[in-house]
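Asker: Okay, handing you the structure first.
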């Protein structure tokens with residue numbers, strides 16, 4: 001139980017009574033404050049004294065209740081106190097204020113720390129390009145939408161806060177069927193993960209990745225839906241370009257944002273051909289790979305080499321295209337996440353000649369995923385602390 005001091009204050013700012021708890025909280029002896037009421041003012045933080053006294057004077061003049069939170073300096077430590085009182089007039093017409101004082105320092109510090117953390121998280125969220133959103137269930141009121149929604153959709157944040165159905169209105173006409181898919185997934189799985197096109201307010205067509213999930217309370221009742229929308233237009237266009245240009249790879253290689261290569265399936269993945277994009281990605285010159293001064297195997301992070309080789313060999317044995325992700329090390333020892341898509345090239349006798357494929361830098365995407373996970377974990381911890 002939080003200790004609460006009790007006092008009785010006269011209209012002339014003198015005390016008629018202070019309880020032992022009041023004395024202990026303020027570190028003032030009972031007789032001292034009864035004889036010298038100014039001692040109760042002296043312990044108020046200097047920055048709060050004028051405001052505190054002004055509110056007290058207003059209370060006395062108006063014969064009203066008093067309810068303020070202020071800082072005290074007790075034993076050279078700042079303590080937050082909540083002071084509350086109500087007026088009472090006795091039979092002789094004299095006014096008194098019966099009040100309480102409560103030390104809420106721990107609560108106030110928790111509130112300050114929570115607000116600081118909340119502000120920090122808000123700054124991080126505001127810097128993200130992804131749209132974070134949350135709506136209540138069953139009334140489907142918008143609880144939160146991150147500011148990045150304006151950049152992706154071209155609609156003011158205020159409008160999104162007022163109408164949760166806006167998201168479906170921006171779906172491309174040819175992709176409207178995805179709405180039923182999303183709700184079906186939500187009802188059967190409790191979550192949904194889809195990709196579709198949207199048409200922005202300015203008429204721009206974009207690809208987005210949409211993820212949503214139900215959130216339940218302790219009783220298992222669904223109370224809201226949380227989600228994230230990511231603009232994947234760039235990645236989606238790359239996939240489309242790859243599908244359309246696979247037969248013309250050599251002619252279009254200079255226009256692709258990834259590293260194109262052909263290599264042997266030997267110990268070093270000796271390069272037969274590699275595009276100039278490799279220099280931007282790794283810092284090593286193209287000719288260094290062709291002359292075997294550095295190899296594709298060598299730039300793979302040691303922790304991933306065995307697994308990369310194992311996966312590639314498995315797909316080659318099955319004569320399937322492979323898609324893998326791993327970390328590489330650049331010339332300046334920087335670690336980057338890459339996505340590699342490739343396949344084996346075989347002769348008429350079905351014997352492997354070489355491997356060809358593309359390598360893309362996905363470091364930013366990986367960092368964003370990690371950052372969002374950390375934000376969610378921090379929010380959960382803070383909510384648990386305050387619940």
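In my numbering, the protein residues as written are 1 to 387.
Ideal Cβ positions, reconstructed from N, Cα and C, are used throughout, including at glycine.
Note that the coordinates shown come from a computational prediction; the quantities given were computed from them, not determined experimentally.
Compute the Euclidean distance between the alpha carbons of residue 328 and residue 150, then round it to the nearest angstrom.
Answerer: Reading the chain shown from its first residue, position 328 is the one you call residue 328. Reading the chain shown from its first residue, position 150 is the one you call residue 150. Distance between the alpha carbons of residue 328 and residue 150: 35 Å.
Asker: How would you label residue 269, buried or exposed, when you count the other beta carbons within 10 angstroms and need 16 or more for buried?
Answerer: On the chain shown, position 269 is the one that residue 269 refers to. Classification of residue 269: buried, given that the 10 Å Cβ count is 16 or more.
Asker: Reducing DSSP to helix, strand and coil, say where residue 153 ends up.
Answerer: Walking along the chain shown from the start, residue 153 turns up at place 153. Here residue 153 sits in helix by DSSP.
Asker: How many angstroms separate the CA atom of residue 100 from the CA atom of residue 157?
Answerer: If you number the chain shown from 1, residue 100 lands on position 100. If you number the chain shown from 1, residue 157 lands on position 157. Cα to Cα, the separation comes out at about 44 Å.
Asker: Is the number of C-beta pairs between the segment 106-115 and the segment 175-188 that are closer than 8 Å three or more?
Answerer: No: the two stretches stay apart, fewer than three of their Cβ pairs being nearer than 8 Å.
Asker: If we ignore side chains and look at the alpha-carbon of each, how far apart do residue 11 and residue 115 end up?
Answerer: Position 11 of the chain shown holds residue 11. Position 115 of the chain shown holds residue 115. Spanning the two alpha carbons is a distance of roughly 38 Å.
Asker: Less than 8 Å between the beta carbons of residue 104 and residue 69, yes or no?
Answerer: Translated into positions along the chain shown, residue 104 becomes position 104. Translated into positions along the chain shown, residue 69 becomes position 69. Cβ atoms of residue 104 and residue 69: closer than 8 Å.
Asker: Would residue 299 pass as a contact of residue 229 if the rule is Cβ separation under 8 Å?
Answerer: Working through the chain shown from its first residue, we reach residue 299 at position 299. Working through the chain shown from its first residue, we reach residue 229 at position 229. Not in contact: residue 299 and residue 229 (Cβ atoms no closer than 8 Å).
Asker: Considering only C-alpha positions, which residue in the set 292, 173, 190 is nearest to residue 198?
Answerer: In the chain shown, residue 198 corresponds to position 198, counting from 1. Answer by Cα proximity: 173.
Asker: Roughly how far, in whole angstroms, is the beta-carbon of residue 166 from the beta-carbon of residue 155, given that I think they are within contact range, below 8 Å?
Answerer: For the purposes of this step, residue 166 is taken as residue 166 along the chain shown, with counting starting at 1. For the purposes of this step, residue 155 is taken as residue 155 along the chain shown, with counting starting at 1. Residue 166 to residue 155, Cβ: 7 Å. Contact.
Asker: Assign residue 215 to one of two classes, buried (16 or more other C-beta atoms within 10 Å of its C-beta) or exposed (fewer than that).
Answerer: As a working mapping, residue 215 is identified with position 215 in the chain shown. When all chains shown are included, residue 215 counts as exposed.
Asker: Does DSSP put residue 13 in a helix, in a strand, or in coil?
Answerer: As a position in the chain shown, residue 13 is number 13, starting the count at 1. Three-state result, residue 13: coil.
Asker: Using three-state DSSP, classify residue 320 as helix, strand or coil.
Answerer: As a first step, residue 320 is located in the chain shown; it is residue number 320 there, counting from the start. Three-state DSSP puts residue 320 in coil, outside helix and strand.
Asker: What are the boundary residues of the alpha helix (DSSP H) that residue 297 is part of?
Answerer: The residue given as residue 297 occupies position 297 in the chain shown. Its alpha helix (DSSP H) spans residues 296-299.
Asker: Measure the beta-carbon distance from residue 227 to residue 239 and round it to whole angstroms, keeping in mind my assumption that it falls under 8 Å.
Answerer: Mapped onto the chain shown, residue 227 falls at position 227. Mapped onto the chain shown, residue 239 falls at position 239. No, residue 227 and residue 239 are not in contact; Cβ-Cβ is about 23 Å, not under 8 Å.
Asker: Work out the CA separation of residue 19 and residue 102 for me, nearest whole Å.
Answerer: Taking the chain shown and counting its residues from 1, one reaches residue 102 at position 102. Taking the chain shown and counting its residues from 1, one reaches residue 19 at position 19. Cα to Cα, the separation comes out at about 12 Å.
Asker: Rounded C-beta distance between residue 352 and residue 342? I'm assuming under 8 Å.
Answerer: Translated into positions along the chain shown, residue 352 becomes position 352. Translated into positions along the chain shown, residue 342 becomes position 342. The pair is not a contact, with the Cβ atoms about 12 Å apart (cut-off 8 Å).
Asker: Among 320, 3, 90, which one has its Cα closest to the Cα of residue 26?
Answerer: Locating residue 26 in the chain shown gives position 26, counting from the first residue. When only C-alpha atoms are compared, the closest one is 3.
Asker: Do residue 283 and residue 330 have their C-beta atoms closer together than 8 Å?
Answerer: Here residue 283 corresponds to residue number 283 of the chain shown, with the count starting at 1. Here residue 330 corresponds to residue number 330 of the chain shown, with the count starting at 1. Yes, they are a contact pair.
Asker: With a threshold of 16 other CB atoms inside 10 Å of the CB of residue 258, please say whether the residue is buried or exposed.
Answerer: Taking the chain shown and counting its residues from 1, one reaches residue 258 at position 258. By the neighbour-count rule (16 or more Cβ atoms within 10 Å), residue 258 is buried.
Asker: Count the other CB atoms within 10 Å of the CB of residue 231; is the residue buried (16 or more) or exposed (fewer)?
Answerer: Against the chain shown, residue 231 aligns to sequence position 231. The residue is buried, with at least 16 neighbouring Cβ atoms inside 10 Å.
Asker: Check whether the segment 373-381 touches the segment 277-292, counting contact only when three or more Cβ pairs, one atom from each stretch, lie closer than 8 Å.
Answerer: Output reads no: the segment 277-292 does not touch the segment 373-381.
Asker: Which first and last residues belong to the beta strand (DSSP E) in which residue 346 is found?
Answerer: Residue numbering aside, residue 346 sits at position 346 when the chain shown is read from its first letter. Note, residue 346: beta strand (DSSP E), 335-346.
Asker: On the CB-based measure, 16 or more other CB atoms within 10 Å of its CB, does residue 267 come out buried or exposed?
Answerer: Counted from its first residue, the chain shown places residue 267 at position 267. Label assigned to residue 267: exposed.
Asker: Just curious, the alpha helix (DSSP H) that residue 208 is in, first and last residue?
Answerer: In the chain shown, the residue the question calls residue 208 occupies position 208. Element bounds for residue 208: not the alpha helix (DSSP H) but the beta strand (DSSP E), 205-216.
Asker: Measure the CB-CB distance between residue 340 and residue 355 and report whether it falls below 8 Å.
Answerer: Indexing the chain shown from 1 puts residue 340 at position 340. Indexing the chain shown from 1 puts residue 355 at position 355. Not in contact: residue 340 and residue 355 (Cβ atoms no closer than 8 Å).
Asker: Compute the beta-carbon to beta-carbon distance between residue 337 and residue 363, rounded to the nearest angstrom, for a pair I have assumed lies under 8 Å.
Answerer: Here residue 337 corresponds to residue number 337 of the chain shown, with the count starting at 1. Here residue 363 corresponds to residue number 363 of the chain shown, with the count starting at 1. Right, the Cβ-Cβ distance comes to about 5 Å (below 8 Å), so this counts as a contact.
Asker: Please state the DSSP three-state secondary structure of residue 259.
Answerer: Stepping through the chain shown from its first residue, residue 259 is reached at position 259. It is a strand residue.
Asker: According to DSSP, simplified to helix, strand and coil, what is residue 37?
Answerer: Within the chain shown, residue 37 is the residue found at index 37, counting from 1. Three-state DSSP puts residue 37 in coil, outside helix and strand.
Asker: On the CB-based measure, 16 or more other CB atoms within 10 Å of its CB, does residue 83 come out buried or exposed?
Answerer: Sequence index remark: in the chain shown, residue 83 carries index 83 (1-based). By the neighbour-count rule (16 or more Cβ atoms within 10 Å), residue 83 is buried.
Asker: Helix, strand or coil: which one does DSSP assign to residue 147?
Answerer: Here residue 147 is taken as the residue at index 147 of the chain shown, counted from 1. Looking at residue 147 - three-state DSSP - the assignment turns out to be coil, as it is neither helix nor strand.
Asker: Evaluate residue 261 with the Cβ neighbour count: other Cβ atoms within 10 Å of its Cβ, from every protein chain shown; 16 or more gives buried, anything less gives exposed.
Answerer: Here residue 261 refers to the residue found at position 261 of the chain shown. When all chains shown are included, residue 261 counts as buried.
Asker: How far does the alpha helix (DSSP H) with residue 52 in it extend, from its first residue to its last?
Answerer: Position 52 of the chain shown, counting from 1, holds the residue named residue 52. 46-62 is the extent of the alpha helix (DSSP H) around residue 52.
Asker: Going straight from the alpha carbon of residue 308 to that of residue 335, what length do you get?
Answerer: Taking the first residue of the chain shown as 1, we reach residue 308 at position 308. Taking the first residue of the chain shown as 1, we reach residue 335 at position 335. Approximately 16 Å between the Cα atoms of the pair.
Asker: Taking all protein chains shown into account, decide if residue 59 is buried (16 or more other Cβ within 10 angstroms of its Cβ) or exposed.
Answerer: Taking the chain shown and counting its residues from 1, one reaches residue 59 at position 59. That one is buried.
Asker: Based on Cα-Cα distance, which residue from 137, 133, 141 lies nearest to residue 147?
Answerer: Along the chain shown, one-based indexing puts residue 147 at 147. Checked all of 137, 133, 141; the closest Cα to residue 147 is 133.
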